[in-house]
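Participant: Structure below; questions to follow.
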Amino acid sequence: MPGRLPLVCLTVWPLFMALPCAGESPPDARGPTWRGAGLVPSWRPSLPESGALRVPTPITHDEQVDRVTLKETIAIALENNPGIAAQRLEPARQEAGVLQAQAAFDPTLAGELLRSRSTTPNTSSLAGTRTQELDDRSANFHLLKTFRTGTQATLDFLNERLDSNARFNQLRPQYQPRLSFSLLQPLLRNLGWDFSYLVVRVVQQTADAAVYQYEAQLADFVESVIEAYWNVVRARETLEVQRESKALADRTVDENEARVRVGLLPPVAVLEAQADAKSREADVIRAENDLTVSRQRLAQTAYYRPGGTFVPRSLEPVEEAMPEDVAVDVDQGLTVALTDRPEIQASARSVRAEQLNERIAENGLLPRLDLTGSYGLNGVSGTNRPIRTTSNFATGNCV
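In short: position in the sequence shown from 1, add 1477, done, that's my numbering.
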């Protein structure tokens, strides 16, 4: 009986660790879990339909118009634009890649529980039985760790319980625990202090480049918002100018008609004035269309939907264009741009990542030569059953 205690403890321990504690809070339902509910969608032949692809019926509109300043427009666009919201996830995704690369250097604990039973007819009289029944159980645990020098350490704890009905086995059941420790050190390929960590450094450089790329995209987006804002102001002022021009053209038509009636101008002067008025009217129509398009572009860029409507709310600029004289130092501007522009920083990180990849590729051309070493302890125990045999010469078997 004392020999059975280690196997029982090793069998109960994984089950105990798998059970949640009494004071442990349940996992967050929004996080990824390995539950049975997730197995059903994985067996479906087609992908589930995404709610983001459904067009609402009927199409809802937000008829309200908000008067906003330029700063308010930029803040609204940065908060609500779906394109920026999607780009905002890229740096976080790259940071997750860094954690995934670093996970290769985390210690790994693995375990396995195995059991097999077999019944086999005996063809030898030495076994003492007509059939051989074998019950093999094992509980194994492995601890693996990879170091930044490329060294791989492995600790194995193997436990096997073997029970057989063969009468010549004195230990039944028989326990065979084994504890072994092994090291593997590369000597050519993957050799070098911190060389194995180059993969992580490549991912870190890529993650830093993603942050700078997001900053560059953010700067371009803010520029597009500013341009859309002032395009509305420009189109609105252009429409006012075209309407004043149309009013002057209509006044010219009235004046020419009066002069024709008193004989100061020929009748063709009225036709010329009317043609010019129609041309001014076409300019007004084009200016109105430009203003409508500019307002729609600003609304789509900001994508402000406080009521959850399909069509976003319109924004009306309240600021007027005030030209200012600005002195620009071209050399200083180029120096600042080459130093601080996020596109330059992102390119520098990308070049650094490619240099690290080149080092990894050069090392991969070396032959593989490893130094390995291991040390282990073996044991055996079990219930001692004395061997008792009797001869049966009639059947030719030992019992």
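Just so it is clear, CB atoms sit at the ideal spot from N, CA and C, and this is done for glycine as well.
Mind checking who GLU1793 pairs with in its DSSP beta bridge?
Facilitator: Residue 1793 sits at position 316 when you count from the first residue of the sequence shown. In DSSP, GLU1793 forms a bridge with ARG1544.
Participant: With 16 other CB atoms within 10 Å as the buried threshold, where does ASP1505 fall?
Facilitator: Against the sequence shown, residue 1505 aligns to sequence position 28. Residue placement at ASP1505 is poorly supported in this model, since its pLDDT is 41, which falls under 50; the coordinates still yield a value, given next. Exposed, because fewer than 16 other Cβ atoms sit within 10 Å of the Cβ of ASP1505.
Participant: Along the beta strand (DSSP E) that carries GLN1609, what are the first and last residues, could you check?
Facilitator: The residue you call residue 1609 lines up with position 132 of the sequence shown. Where GLN1609 is concerned, the enclosing beta strand (DSSP E) stretches over 1608-1623.
Participant: What distance in whole Å lies between the Cβ atoms of THR1596 and THR1606, which are believed to be in contact at a cut-off of 8 Å?
Facilitator: In the sequence shown, counting from the first residue as 1, residue 1606 sits at position 129. In the sequence shown, counting from the first residue as 1, residue 1596 sits at position 119. About 11 Å; that fails the 8 Å criterion.
Participant: Name the residue from ALA1804, GLN1822, ALA1764 and THR1585 whose alpha carbon lies nearest to the alpha carbon of SER1722.
Facilitator: Counting from one through the sequence shown, the residue named residue 1722 turns up at place 245. When each option's Cα is compared against that of SER1722, the closest is ALA1764.
Participant: Rounded to whole angstroms, what's the CA-CA distance from PRO1794 to ARG1772? Just pull it up for me.
Facilitator: Your numbering for residue 1794 matches position 317 in the sequence shown. Your numbering for residue 1772 matches position 295 in the sequence shown. Spanning the two alpha carbons is a distance of roughly 9 Å.
Participant: In chain order, what residues of the same chain lie with their CB nearer than 6 Å to the CB of TYR1780, ignoring the 5 residues before and after it?
Facilitator: Taking the first residue of the sequence shown as position 1, residue 1780 is located at position 303. Cβ within range, chain order: ASN1557, ASN1558 and PRO1789.
Participant: CA-CA distance, ALA1616 and ARG1836?
Facilitator: What you label residue 1616 is simply residue 139 of the sequence shown in a count that begins at 1. What you label residue 1836 is simply residue 359 of the sequence shown in a count that begins at 1. If you take the alpha carbons of ALA1616 and ARG1836, they lie about 42 Å apart.
Participant: Quick one, which of PRO1568, ARG1711 and ALA1587 has its alpha-carbon nearest LEU1620's?
Facilitator: To locate residue 1620, count along the sequence shown from 1; it is residue 143. When only C-alpha atoms are compared, the closest one is ALA1587.
Participant: Kindly provide the ranges of any alpha helix (DSSP H) runs that are 4 or more residues long and lie completely inside the region 1526-1571, ordered along the chain.
Facilitator: Counting only runs of 4 or more, we get 1547-1557 and 1559-1564.
Participant: At which residues does the alpha helix (DSSP H) containing ARG1836 begin and terminate?
Facilitator: Locating residue 1836 in the sequence shown gives position 359, counting from the first residue. First-last of the alpha helix (DSSP H) with ARG1836: 1819-1841.
Participant: Considering just the uninterrupted stretch of the alpha helix (DSSP H) at ASP1640, what are its terminal residues?
Facilitator: Here the question's residue 1640 lines up with position 163 in the sequence shown. Taken as a continuous stretch (DSSP letters only), ASP1640 belongs to no alpha helix (DSSP H), being part of the beta strand (DSSP E) at 1629-1641.
Participant: Straight-line CA distance for ALA1752 to VAL1745?
Facilitator: Taking the sequence shown and counting its residues from 1, one reaches residue 1752 at position 275. Taking the sequence shown and counting its residues from 1, one reaches residue 1745 at position 268. Each residue's alpha carbon lies about 11 Å from the other.
Participant: So, with DSSP's three-state summary, where would you put ALA1779?
Facilitator: Residue mapping note: residue 1779 aligns to position 302 of the sequence shown, counting from 1. Residue state, collapsed to three classes: helix.
Participant: Quick one, which of GLU1820, PRO1663, LEU1611 and GLN1647 has its alpha-carbon nearest GLN1629's?
Facilitator: Here residue 1629 refers to the residue found at position 152 when the sequence shown is read from its first residue. Per the Cα distances, PRO1663.
Participant: Apart from the five residues on each side of it in sequence, which residues of its chain come closer than 6 Å, Cβ to Cβ, to GLN1681?
Facilitator: Within the sequence shown, numbered from 1, the residue matching residue 1681 stands at position 204. So the list reads VAL1575, once near-sequence residues are dropped.
Participant: Spell out the partners DSSP gives VAL1858 in its beta bridges.
Facilitator: In the sequence shown, counting from the first residue as 1, residue 1858 sits at position 381. The sequence shown places Ser at residue 1858, not Val. DSSP output for SER1858 lists TYR1652 as bridge partner(s).
Participant: Mapping the DSSP letters down to three states, classify GLU1589 as helix, strand or coil.
Facilitator: Locating residue 1589 in the sequence shown gives position 112, counting from the first residue. Looking at GLU1589 - three-state DSSP - the assignment turns out to be strand.
Participant: Got a sec? Which residues, its chain only, sit under 6 Å from GLY1859 by beta carbon, not counting five neighbours each side?
Facilitator: For this step, residue 1859 is matched to residue 382 along the sequence shown. So the qualifying residues of the chain are GLY1480, LEU1648, PRO1650, GLN1651 and TYR1652.
Participant: How would you call ASN1636, buried or exposed, if buried means at least 16 neighbouring beta carbons within 10 angstroms?
Facilitator: Along the sequence shown, read from residue 1 onward, the residue named residue 1636 stands at position 159. Result: buried.
Participant: In terms of alpha-carbon separation, which member of ARG1829, ALA1759 and ASP1731 lies closest to VAL1747?
Facilitator: In the sequence shown, residue 1747 corresponds to position 270, counting from 1. Out of ARG1829, ALA1759 and ASP1731, ASP1731 has the C-alpha closest to the C-alpha of VAL1747.
Participant: Kindly identify the DSSP beta-bridge partner or partners of GLY1850.
Facilitator: As a first step, residue 1850 must be located in the sequence shown, where it is residue number 373. DSSP, once it has assigned bridges, lists LEU1660 as partnering GLY1850.
Participant: What does the Cβ neighbour count give for PRO1503, buried or exposed, with the cut at 16 atoms within 10 Å?
Facilitator: On the sequence shown, position 26 is the one that residue 1503 refers to. Any reading at PRO1503 needs caution, since the residue's pLDDT is 37, under 50, leaving its predicted position unreliable; the model's value is listed next. Exposed, since its Cβ has fewer than 16 Cβ neighbours within 10 Å.
Participant: In three-state terms, what does DSSP make of SER1595?
Facilitator: For the purposes of this step, residue 1595 is identified with residue 118 of the sequence shown, where counting begins at 1. If DSSP states are grouped into helix, strand and coil, SER1595 belongs with the strands.
Participant: Any beta carbon from chain B within less than 8 Å of ARG1782's own beta carbon?
Facilitator: Structure shown: chain B not included; a single protein chain is present.
Participant: Taking 8 Å as the threshold (C-beta atoms), are ALA1686 and SER1827 in contact?
Facilitator: Reading the sequence shown from its first residue, position 350 is the one you call residue 1827. Reading the sequence shown from its first residue, position 209 is the one you call residue 1686. Yes.
Participant: For my contact list, ARG1655 and ASN1855 are in at a C-beta cut-off of 8 Å; report their separation, rounded to the angstrom.
Facilitator: In the sequence shown, counting from the first residue as 1, residue 1655 sits at position 178. In the sequence shown, counting from the first residue as 1, residue 1855 sits at position 378. Their Cβ separation, rounded to whole angstroms, is 5 Å, which keeps ARG1655 and ASN1855 in contact under 8 Å.
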